[in-house]
Structure formats: structure tokens, C-alpha cells
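Position in the sequence shown (first residue = 1) + 73 = our numbering. Glycine residues also receive a C-beta, built at the ideal position from the N, C-alpha and C atoms. Heads up, the thing below is written out as C-alpha cells.
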Amino acid sequence: MDFGLRQPVGVGDVTSGLLLVKLLQGASLRDALEHVTAAVYEIMLATKNMQEYELQVVAAQDRIAVPEHCFSATRL
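What follows is the structure, encoded as C-alpha cells:
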């Protein structure tokens with residue numbers, strides 16, 4: 074996803090925060106990573122669609138809870 078010259082800020086923070094929450098809720102590492110990847114993708118889409126560089130977490134809150142996109146973790 075290309076944001077041009079001004080890249081979003083806080084992606085690592087939101088990723089680590091969401092991962093911690095999912096793990097504390099009892100999700101397996103695989104399930105947590107899959108959900109967090111999808112949730113962060115949804116946040117990035119909302120941010121890009123609103124032409125912002127600050128993460129649009131509030132705008133994406135419903136899609137953070139139930140992401141529209143799915144990602145599958147693969148063991149390396």
C-alpha cells in the first residue's frame with residue numbers, strides 16, 4: 074500500500090498492542106497473528122482512504138473487531 078512521501082505513524086505500536094490484547098484474551102499465537110494482521114490492514118485501508126497519515130483507528134474500529142479481509146499464518 075503506497076502512501077507516497079508521508080508514511081503512516083504508529084503501525085508498530087498498534088500491532089504490538091493488538092497482539093498483546095489477543096494473547097491476553099487467550100488466542101493462540103497463530104490466531105492472534107492472523108487477526109492482528111487483518112486488523113492492521115483494515116486500519117491502513119481506512120487511513121489511506123481518508124488520505125491521512127495518522128492511523129484512523131476510530132474510523133476502522135468495527136473492522137478491527139471483525140476484519141473484512143483474512144490472512145493465514147504459515148509456519149516457516
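Just to confirm, are residue i and residue j a CB contact at a threshold of 8 Å?
{"i": "residue 129", "j": "residue 120", "result": "yes"}
{"i": "residue 107", "j": "residue 142", "result": "no"}
{"i": "residue 111", "j": "residue 92", "result": "no"}
{"i": "residue 146", "j": "residue 103", "result": "yes"}
{"i": "residue 95", "j": "residue 109", "result": "yes"}
Compute the Euclidean distance between the alpha carbons of residue i and residue j, then round it to the nearest angstrom.
{"i": "residue 127", "j": "residue 149", "result": "32 Å"}
{"i": "residue 136", "j": "residue 79", "result": "24 Å"}
{"i": "residue 99", "j": "residue 118", "result": "27 Å"}
{"i": "residue 82", "j": "residue 76", "result": "11 Å"}
{"i": "residue 97", "j": "residue 124", "result": "33 Å"}
Using the beta-carbon count (16 or more within 10 Å), is residue i buried or exposed?
{"i": "residue 113", "result": "buried"}
{"i": "residue 87", "result": "buried"}
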